[in-house]
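Our numbering runs 1318 ahead of the 1-based position in the sequence shown.
Heads up, the beta-carbon is just placed ideally off N, CA and C, and yes, glycines get one too.
Bear in mind that the values here come from a model prediction, so they are computed numbers and not experimental data.
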Amino acid sequence: MPKSEPFDKYSSEYDSWFEENRMAYESELKAVKHFLPESGDGIEIGVGTGRFAGPLGIKHGLEPSANMRAIAKERGIDVVDGIAEKLPFDDNQFDYVLMVTVVCFLDDVRAAFTEANRILKNGGVIIIALIDRESPLGQMYEKHKSKNEFYKHASFYSAEEIKNLLTESGFKNPQFIQTIFNNPSEISKLEDMKPGYGTGGFVVVRTIK
Ligand SMILES: C[S@@+](CC[C@H](N)C(=O)[O-])C[C@H]1O[C@@H](n2cnc3c(N)ncnc32)[C@H](O)[C@@H]1O
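Now the structure itself:
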């Protein structure tokens, strides 16, 4: 069962976070954009309300929550129903796949990465953005997750674990950048972006099929 129920129930509240934490959002967008191919046909898996696919110009999305899909559609994204572990797409179809803050909600990350590998063309890239469990922010989210409607069912991963799962799923040459070094609610200007991982709460990894 996909962990999409709280997102379905509180889709507007989820979407408002990005307005309420504008500079944290802009910092995350910048980090994802840094690794996004400038051309080609891409898809965001677990596209949510389209807060990343929309401004990044990604035309396709997949999302199990109907209410999240409805908002993403308003942002002009062609969204289909489905789950990352069983993608309704042909082999070798896309130039890139993006997943932002989705791995912590998946029932089977390995299956999702294997599926992403299948739908990518050879040489295609996967970009995964995650809350790194081992970062100070990740530790704070982990500690307080039982009080958060969205994160109480999340299983946070470390950047290292995601790197290993990507490698096991056939991806190579991982590169990392990190951002969000402060509490998102206290961020009032764009955060730095640094190579690697360890201190930033929001880590982006890019690997190649
Ligand atoms: C934290 S939100 C991220 C949404 C969007 N990527 C963003 O960053 O705003 C996680 C999303 O993953 C979706 N989701 C949960 N389980 C999923 C699954 N098995 N496959 C694909 N998406 C899933 C949820 O419905 C939700 O929209």
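Quick one: using the 10 Å Cβ neighbour count with 16 as the cut-off for buried, is residue i buried or exposed?
i	result
L1508	exposed
E1362	buried
E1346	buried
R1428	exposed
D1425	exposed
D1409	exposed
K1527	buried
K1481	buried
State the Cα-Cα distance for the pair residue i and residue j, rounded to the nearest angstrom.
i	j	result
F1468	W1335	12 Å
D1333	H1471	19 Å
V1365	R1387	8 Å
I1505	S1464	24 Å
A1434	M1341	30 Å
G1441	V1415	12 Å
D1510	E1381	30 Å
L1483	Y1459	22 Å
G1368	H1352	18 Å
E1344	K1461	25 Å
D1413	K1439	6 Å
V1421	K1404	14 Å
P1513	Q1457	20 Å
D1450	N1491	19 Å
D1326	K1377	22 Å
E1337	Q1411	34 Å
P1324	F1407	26 Å
D1399	E1331	21 Å
T1525	F1423	21 Å
When you compare each of the options to residue i by their alpha carbons, which one comes out closest?
i	options	result
S1357	P1492, V1350 and G1375	G1375
I1437	S1464, S1487, G1394 and N1482	S1487
N1339	E1452, I1401, P1502 and I1389	P1502
T1432	P1492, T1485, F1325 and K1391	T1485
R1393	G1379, P1406, G1400 and D1399	G1379
T1419	S1473, E1331 and T1525	S1473
L1354	M1417, F1423 and E1479	M1417
Just to confirm, is the Cβ distance from residue i to residue j under 8 Å?
i	j	result
F1489	I1444	yes
A1349	F1499	no
I1395	G1372	yes
F1494	Y1475	no
Report, in whole angstroms, the separation of the C-beta atoms of residue i and residue j, which I expect to be a contact under 8 Å.
i	j	result
E1397	I1446	The sequence given here has Val at residue 1397, not Glu. Incorrect: roughly 19 Å between the Cβ atoms, too far for contact.
S1329	I1389	6 Å
A1430	A1402	4 Å
L1455	A1477	Their Cβ separation, rounded to whole angstroms, is 12 Å, which puts L1455 and A1477 out of contact at 8 Å.
S1453	T1517	6 Å
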